[in-house]
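Colleague: Under the working numbering, the first residue of the sequence shown is numbered 1, with each subsequent residue one higher.
By construction, the Cβ of each residue, glycine as well, lies at the ideal position given by its N, Cα and C atoms.
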Amino acid sequence: MWAQDNVEEALAYQYYQQADYEKAASILEKLFNRTKNDNYFDLYYTSLLKIKKYDEAEALVKKLIKQSPQKLNYQIALGRVYQENGKTADANKIYYAAIQNVPKNEFQIRDLANSFYRFEAYDMAVNTFLQGRKLLNDEQVFGFELISIYRFKKDKLALINEYLNALPANPQMLPQAQSVLANLFESNSDYQILQSALLKKIQKDPQNEIFTEFLIWQFIQQQEYEMALRQLIAQDRRTKNASNLIFNTANTFVANKAFATAIKAYEYLLTKGAENELYLPSKMQLINAKYELALQGKIETEAIKALADEFSQIITQYGINSQTIFALKKLSYLQAYYLNDLSAAEKTLEQALKVPGLPGMEAAQLKVDLGDIYVLNKQPWEAVLVYEQVSKQYDNLPVANDARFRSARLSFYQGNFKFAKSQADVLKASTSQLMANDALNLSLLISDNLQSKNDSLALMMYADAEMLQFVNNNSAALKKLDSIDLAYPKNSLADDILMAKAKIFIKNNDFANAETNLKQLISLHFTSIWIDDAIFTLAELYETKLNNTEEAKKLYQQLITDFPGSMLNTEARKRFRNLRGERVDNLGT
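Below, the structure written as structure tokens:
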């Protein structure tokens, strides 16, 4: 008999999975009558509903209720028959009666709710758990089950309230709450509902930091960085222990390019005095944020000099060591690219390279940066030697490919196009997607524009313009790019020139001209090697600088749809979701 049951069970499951419910019901009826196993009942009963044999299902369930009146799952099954047959009032009457009569027993309450869930009566499962809380006089019980149902139903308000109910006792759930809500929320209004609920909780329980931390995350998701900082400082003044949270959130501001707000956060931490353990880290991060902010906006020479002085003070105060390597690197960059003091920049990097116990990768990156300064200082052979040294010493590591690419780029600047292309072609197989993309673009740029003498000569001028941009002489680079068409009419570089000019305009904060050049490239050169870069760059411009989120969404969507193989596709998808309100979690990333 046991072997026969196994064979029949396997056949019944097969029919059920194939949606052949008539045959499944016939076998399951025999199995259930023979064994009284509720697993067979569930499948048998569901098969009857699938083939709309409601009378047969009703008779079956009523018979079982008479035999086992204490088993609530049979009563729920009867309600489901009425529900499926359109008798909603009769179904609800049974459901509510079962909920009201459930015993004051956690196991039986959970069992009843699970029966509702199994029969897809999700609202009734929720009502059962809420009734259970009343019976047990415990507002925390069944929290995980309710969260699961609310997530399934996408009931945002209920999910918010349940998470806020659970978090004080389970603060470790905060990352889950943030992730779940970020994926569920569709618009800014959803975040406003969360914000309102959090503020009410904070008013009632101001000492509970978990709600403040959640509120700060909400502000960051909305890119309301100043509001986040204001809340942080208020909490610190109230509790005197939010310094670490302020420091970590300030780092998040930097990651989100909210440098001005980050500066305020670090400056606030510095007011706590030099004896505070976060004083030195905050001071270093402060000057780093100032550096990023200075290079993002319109470059003022006096401001750059003041910033260079701050880096120098850090180095003088704390010495040349592993902690101040970052300051040496940033100082050399300012000296080389903005203050035109190449000898000082060389000396600064050479000092950094002498730091005892310098990690190999750190030394390699410093050498690559030094090679770039040799290029600026018109010492190309010195640069090549440094690049080759790094590529051989750190072979098979990303920094080696970086050095090789910089060597190829230098060959391009010098007009040695065939050698530059041969180097770029090797790097196209790089494991780094970004490196492979840069190498591919350089290779195609060269091969696409060496078809005629006119194009080759135009490419020489273009390479000169690229070199001028590299040394930060943007006005001269623009003039050189504009003169290419005058010197060599009808050349093949039209799309490359538009992209190069757009990048310079963005660097100069001339967003209107950048938009014009990018739109022209997209409309006139849809097969260009720069097309996906142009679409993404214009979308980012609309999103972050021109306050036109609708156009940004259209362009991100275009990139996702038309260029699925682009390395920019993943980031475009993330940006598109953010603009639709499906905020991804940026806190702590």
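Between the beta-carbon of isoleucine 109 and the beta-carbon of glycine 132, is there less than 8 Å?
Modeller: Position 109 of the sequence shown, counted from the start, is the residue given in the question as residue 109. Position 132 of the sequence shown, counted from the start, is the residue given in the question as residue 132. Yes, the Cβ-Cβ distance between isoleucine 109 and glycine 132 is below 8 Å.
Colleague: Alpha carbon to alpha carbon, how far is alanine 403 from glutamate 388? Give it in angstroms, no decimals.
Modeller: Working through the sequence shown from its first residue, we reach residue 388 at position 388. Working through the sequence shown from its first residue, we reach residue 403 at position 403. Approximately 7 Å between the Cα atoms of the pair.
Colleague: Comparing alpha-carbon positions, which option in Phe470, Lys36 and Ser422 lies nearest asparagine 377?
Modeller: For the purposes of this step, residue 377 is taken as the residue at position 377 of the sequence shown. When each option's Cα is compared against that of asparagine 377, the closest is Phe470.
Colleague: Classify leucine 568 as helix, strand or coil using the three-state DSSP reduction.
Modeller: Taking the first residue of the sequence shown as 1, we reach residue 568 at position 568. Looking at leucine 568 - three-state DSSP - the assignment turns out to be coil, as it is neither helix nor strand.
Colleague: Hey, how far is the Cα of lysine 66 from the Cα of leucine 159?
Modeller: Counting from 1 along the sequence shown, the entry for residue 66 is found at position 66. Counting from 1 along the sequence shown, the entry for residue 159 is found at position 159. C-alpha separation (whole angstroms): 39 Å.
Colleague: What first and last residue would you give for the alpha helix (DSSP H) that runs through methionine 601?
Modeller: Nothing can be reported for residue 601, as the shown portion of the chain is limited to 1 through 589.
Colleague: Kindly give me the distance between the Cβ atoms of isoleucine 373 and alanine 336, rounded to whole angstroms, as I take these residues to be in contact under 8 Å.
Modeller: Working through the sequence shown from its first residue, we reach residue 373 at position 373. Working through the sequence shown from its first residue, we reach residue 336 at position 336. Confirmed, about 5 Å.
Colleague: Could you tell me the distance, in whole angstroms, from the CA atom of lysine 607 to the CA atom of glycine 319?
Modeller: With the chain running from 1 to 589 in the structure shown, residue 607 is simply not present.
Colleague: What are the boundary residues of the alpha helix (DSSP H) that threonine 249 is part of?
Modeller: Along the sequence shown, read from residue 1 onward, the residue named residue 249 stands at position 249. Where threonine 249 is concerned, the enclosing alpha helix (DSSP H) starts and stops at 243-255.
Colleague: So, using beta-carbon positions, are alanine 57 and isoleucine 76 closer together than 8 Å?
Modeller: Residue mapping note: residue 57 aligns to position 57 of the sequence shown, counting from 1. Residue mapping note: residue 76 aligns to position 76 of the sequence shown, counting from 1. Going by C-beta atoms, alanine 57 is not nearer than 8 Å to isoleucine 76.
Colleague: Please name the residue in Glu162, Phe185, Leu331 and Phe41 whose C-alpha comes closest to that of serine 115.
Modeller: Counting from one through the sequence shown, the residue named residue 115 turns up at place 115. Cα-wise, what sits closest to serine 115 is Phe41.
Colleague: Do you know offhand how far lysine 503's Cα is from tyrosine 279's?
Modeller: Here residue 503 corresponds to residue number 503 of the sequence shown, with the count starting at 1. Here residue 279 corresponds to residue number 279 of the sequence shown, with the count starting at 1. So the two alpha carbons sit approximately 38 Å from each other.
Colleague: DSSP three-state call for lysine 264: helix, strand or coil?
Modeller: Within the sequence shown, numbered from 1, the residue matching residue 264 stands at position 264. Here lysine 264 sits in helix by DSSP.
Colleague: Find the nearest neighbour of leucine 440 within the set Asn508, Ala10 and Ser528, judged by alpha-carbon distance.
Modeller: On the sequence shown, position 440 is the one that residue 440 refers to. Ranking Asn508, Ala10 and Ser528 by Cα distance to leucine 440 puts Ser528 first.
Colleague: Using three-state DSSP, classify proline 398 as helix, strand or coil.
Modeller: Reading the sequence shown from its first residue, position 398 is the one you call residue 398. Under the three-state reduction of DSSP, proline 398 is assigned to helix.
Colleague: Of the residues Leu486, Leu28, Ala327 and Pro356, which one's Cα is nearest the Cα of threonine 46?
Modeller: For the purposes of this step, residue 46 is identified with residue 46 of the sequence shown, where counting begins at 1. Selected option, being the one with the closest Cα: Leu28.
Colleague: To the nearest angstrom, how far is the alpha carbon of proline 171 from that of isoleucine 522?
Modeller: Taking the first residue of the sequence shown as 1, we reach residue 171 at position 171. Taking the first residue of the sequence shown as 1, we reach residue 522 at position 522. Answer to the nearest angstrom: the Cα atoms are 49 Å apart.
Colleague: Tell me the residue span of the alpha helix (DSSP H) that contains threonine 35.
Modeller: In the sequence shown, residue 35 corresponds to position 35, counting from 1. Its alpha helix (DSSP H) spans residues 21-35.
Colleague: Looking at C-beta atoms only, is the number of pairs between the segment 394-408 and the segment 446-462 that lie closer than 8 Å three or more?
Modeller: Because the criterion of three Cβ pairs below 8 Å is not met, the segment 394-408 and the segment 446-462 do not touch.
Colleague: Need the endpoints of the alpha helix (DSSP H) that lysine 367 sits in, please.
Modeller: Here residue 367 corresponds to residue number 367 of the sequence shown, with the count starting at 1. Element bounds for lysine 367: 360-376.
Colleague: If you count every other CB in all the chains shown that lies within 10 Å of the CB of glutamate 540, and 16 or more means buried, which is it?
Modeller: Mapped onto the sequence shown, residue 540 falls at position 540. Classification for glutamate 540: buried.
Colleague: Quick check: what's the CA-CA separation for glutamine 393 versus threonine 549?
Modeller: Here the question's residue 393 lines up with position 393 in the sequence shown. Here the question's residue 549 lines up with position 549 in the sequence shown. Taking the straight line from one Cα to the other gives about 47 Å.
Colleague: Distance, Cα to Cα, isoleucine 497 vs serine 483?
Modeller: For the purposes of this step, residue 497 is identified with residue 497 of the sequence shown, where counting begins at 1. For the purposes of this step, residue 483 is identified with residue 483 of the sequence shown, where counting begins at 1. Each residue's alpha carbon lies about 11 Å from the other.
Colleague: Whole-angstrom Cβ separation of phenylalanine 526 and leucine 559, contact assumed at under 8 Å?
Modeller: Residue numbering aside, residue 526 sits at position 526 when the sequence shown is read from its first letter. Residue numbering aside, residue 559 sits at position 559 when the sequence shown is read from its first letter. Contact flag wrong, Cβ pair sits at about 13 Å.
Colleague: Here's the rule I'm using: 16 or more other beta-carbon atoms within 10 Å means buried, otherwise exposed. How should glutamate 300 be labelled?
Modeller: Taking the sequence shown and counting its residues from 1, one reaches residue 300 at position 300. The residue in question, glutamate 300, is exposed, as its Cβ has fewer than 16 Cβ neighbours within 10 Å.
Colleague: State the start and end residues of the unbroken alpha helix (DSSP H) segment that holds aspartate 155.
Modeller: Here residue 155 is taken as the residue at index 155 of the sequence shown, counted from 1. Counting along the chain, aspartate 155 falls outside any alpha helix (DSSP H), and DSSP gives it neither H nor E.
Colleague: Pick out whichever of Thr239, Arg238 and Glu267 has its Cα sitting closest to the Cα of phenylalanine 247.
Modeller: The residue you call residue 247 lines up with position 247 of the sequence shown. The shortest CA-to-CA distance from phenylalanine 247 to any of Thr239, Arg238 and Glu267 is the one to Glu267.
Colleague: Leaving out the 5 sequence neighbours to the left and right, which residues in its chain are closer than 7 Å to isoleucine 238 when beta-carbon positions are compared?
Modeller: In the sequence shown, counting from the first residue as 1, residue 238 sits at position 238. Isoleucine is not the amino acid found at residue 238; the sequence shown has arginine there. The residues are Pro206.
Colleague: If we ignore side chains and look at the alpha-carbon of each, how far apart do proline 103 and aspartate 138 end up?
Modeller: Taking the sequence shown and counting its residues from 1, the one referred to as residue 103 is at position 103. Taking the sequence shown and counting its residues from 1, the one referred to as residue 138 is at position 138. If you take the alpha carbons of proline 103 and aspartate 138, they lie about 15 Å apart.
Colleague: From the DSSP output, in three-state form, read off phenylalanine 330 for me.
Modeller: To locate residue 330, count along the sequence shown from 1; it is residue 330. For the sequence presented, residue 330 should be read as lysine rather than phenylalanine. Helix, per DSSP.
Colleague: Starting from alanine 197 and walking both ways along the alpha helix (DSSP H), at which residues does that stretch end?
Modeller: As a working note, residue 197 is residue 197 in the sequence shown. Residues 188-204.
Colleague: If you reduce the DSSP assignment to three classes, tell me which class leucine 353 lands in.
Modeller: Position 353 of the sequence shown, counting from 1, holds the residue named residue 353. Helix.
Colleague: For valine 7, collect the residues of the same chain with a Cβ closer than 8 Å to its Cβ; drop the 5 residues on either side in sequence, then sort them by chain order.
Modeller: Against the sequence shown, residue 7 aligns to sequence position 7. There are no such residues.
Colleague: Going by CA-CA distance only, name the one from Ser411, Ala250 and Thr324 that's closest to proline 591.
Modeller: There is simply no residue 591 to check, as the chain begins at 1 and stops at 589 in what is shown.
Colleague: Which of the three DSSP states is assigned to threonine 431 in this structure?
Modeller: Counting from one through the sequence shown, the residue named residue 431 turns up at place 431. The answer is coil: DSSP assigns threonine 431 none of H, G, I, E or B.
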